[in-house]
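Engineer: Taking my numbering, the leading residue of the sequence shown gets 341, the next gets one more, and so forth.
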Amino acid sequence: VFSEGESLEKQMSGMNAEQIHNFKVLMLENTLEPYKYMIMILVVVMVLFLLTRFPTCKVAQTSHHKCPSAMDTLRYLAKNSRFRRGIVAQFLYVGMQVAVWSFTIRLAL
């Protein structure tokens, strides 16, 4: 997509509608190619994870421990400022990632 040569606009200026569509599909396939490799790597890692035998762990004695309710857990997390800042940071990160990639894809096509 970001190869040397003329801009995409100049390359598409002399094409008809069908050629422009085929050109856009080709550019999109070039953009998506690295993701195909990442997915293959993740599948291999997942298979390795599923086939690996992990040691068994002893279950902790929980009969004398009080298990907090879901509301107690949510109250604790709501009071935890580091947790709240982490949630805000994740929200902003995903928002910026969507904005940047939307711009990049629109720029490429």
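By construction, the Cβ of each residue, glycine as well, lies at the ideal position given by its N, Cα and C atoms.
#1: Against chain C, with Cβ distances strictly below 8 Å, would L391 count as a contact?
#2: In angstroms, rounded to a whole number, what distance separates the CA positions of V365 and L432?
#3: Is T392 helix, strand or coil by DSSP?
#4: Please report the straight-line C-alpha distance between H405 and F394, rounded to a whole angstrom.
#5: Quick check on S353: does DSSP put it in helix, strand or coil?
#6: Does V459 come out as helix, strand or coil in the three-state DSSP assignment?
Structural biologist: Taking the coordinates as given:
#1: The structure shown contains no chain C; it is built from a single protein chain.
#2: 31 Å
#3: coil
#4: Each residue's Cα considered, the two are about 27 Å apart.
#5: coil
#6: Residue 459 lies beyond the range of the chain shown here (341 to 449); nothing can be said about it.
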